[in-house]
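In what follows, a single structure is set out as structure tokens and then discussed.
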Amino acid sequence: MADHLSTLIAATEALETQNAAGPSPLFVDCRFDLYDPEAGRREYEQSHIPGSVHADLDADLSGPVGDGSRGRHPLPTPEAFGATLRGWGLHPGQFVIAYDDGPGMFASRLWWMLHWVGHPQAVVLDGGLQAWRRAGGTLTNAISDAIAGTFEPRANPAMVVDVQYVESLLGDASRLLVDARDRGRFTGAKSAFDPRSGHIPGAVNHPYQSNLDASGAMLSSEQLKKQFARSCSGGVNAETVMYCGSGVSACHNILAAVHAGLPWPLLYPGSWSEWSSHPDRPMATGG
Numbered sequence: 002m003a004d005h006l007s008t009l010i011a012a013t014e015a016l017e018t019q020n021a022a023g024p025s026p027l028f029v030d031c032r033f034d035l036y037d038p039e040a041g042r043r044e045y046e047q048s049h050i051p052g053s054v055h056a057d058l059d060a061d062l063s064g065p066v067g068d069g070s071r072g073r074h075p076l077p078t079p080e081a082f083g084a085t086l087r088g089w090g091l092h093p094g095q096f097v098i099a100y101d102d103g104p105g106m107f108a109s110r111l112w113w114m115l116h117w118v119g120h121p122q123a124v125v126l127d128g129g130l131q132a133w134r135r136a137g138g139t140l141t142n143a144i145s146d147a148i149a150g151t152f153e154p155r156a157n158p159a160m161v162v163d164v165q166y167v168e169s170l171l172g173d174a175s176r177l178l179v180d181a182r183d184r185g186r187f188t189g190a191k192s193a194f195d196p197r198s199g200h201i202p203g204a205v206n207h208p209y210q211s212n213l214d215a216s217g218a219m220l221s222s223e224q225l226k227k228q229f230a231r232s233c234s235g236g237v238n239a240e241t242v243m244y245c246g247s248g249v250s251a252c253h254n255i256l257a258a259v260h261a262g263l264p265w266p267l268l269y270p271g272s273w274s275e276w277s278s279h280p281d282r283p284m285a286t287g288g
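Heads up, the sequence shown is in my numbering, so the first residue is 2 and it goes up one at a time.
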């Protein structure tokens, strides 16, 4: 079966699950484009892994944005997410394979959320659709109606921290905040999506792209440990808080840390989009 069952599955192994005896895994297509929110659905309708359902970041993997003070992609309630999962046909204990175009950013959001609501039987397709195609996997445009599942969520609130918690860490050098955005957004050299640019004071930068090799696959456990040791002084532990722009690419850093065998970090879902929405919260720029 998959290497590090709780994190990744190779495309060749994912292919084997389609012909294996026993219950079929649930493939979930998580493709999304932050600049074109309808693109993921269009791509799914054109071609996807046979039997897949589609997860829309805005509609399925996020709750209502409201006035924006909770960030651009706040978590849905566990009850709402549970209803989404049942609509996809998910049953307790069923193996879930999440995938996207390859980097794994959106698939990792679903992977994290499944663990959050008590469904750890979930992995991300390493290398995404590109790896699937290279392994000889077929695609289809056929969409089947899902038969309702029976999964009931049991959320773990200890996996999440809120803005007040993060505010309490300011000035505490013993606690690590890790920002998954690219260097330009972290330093404030460029603005994207949010009215203010920069980062939470005291945070370090570990762009999620640094978890990947040139093909878009996850680095080895040892390589990931070295990358985290380089960017996160003292390394990642169970009190490390991961954040990004809106709680999405931070999940990729959590996926990478867990795959590397490091303690499971915390997620700040509101991330920079929530933090920067209030003018009184401090911000930092530069490296």
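Cβ atoms here follow ideal geometry from the backbone N, Cα and C, with glycine treated the same way. Predicted model only: the values in this text are computed from it and were never measured.
Check: DSSP three-state assignment for A258, whether helix, strand or coil; Outcome: helix
Check: Nearest-angstrom Cα separation, counted from N142 out to Q47; Outcome: 5 Å
Check: C-beta atoms of A73 and S274 nearer than 7 Å; Outcome: Before going further, note that residue 73 is Arg rather than Ala in the sequence given. Yes, the pair counts as a contact, with Cβ atoms nearer than the cut-off.
Check: Proximity of L289 and P270 at Cβ, strictly below 7 Å; Outcome: This structure leaves residue 289 out entirely; the chain is present only between 2 and 288.
Check: Other residues of its chain near T78: CB distance less than 8 Å, five sequence neighbours each side excluded; Outcome: G64
Check: Beta-carbon gap between Y100 and G129 smaller than 7 Å; Outcome: yes
Check: Same chain, Cβ closer than 7 Å to G262, neighbours up to 5 away in sequence not counted; Outcome: S222
Check: Simplified DSSP assignment, three categories, for Y36; Outcome: coil
Check: 7 Å Cβ cutoff met for M243 and D127; Outcome: no
Check: Under the three-state DSSP convention, the category N157 falls into; Outcome: coil
Check: Three or more C-beta pairs below 8 Å linking the region 85–101 and the region 144–160; Outcome: yes
Check: Beta-carbon proximity of F82 to V125, cut-off 7 Å; Outcome: no
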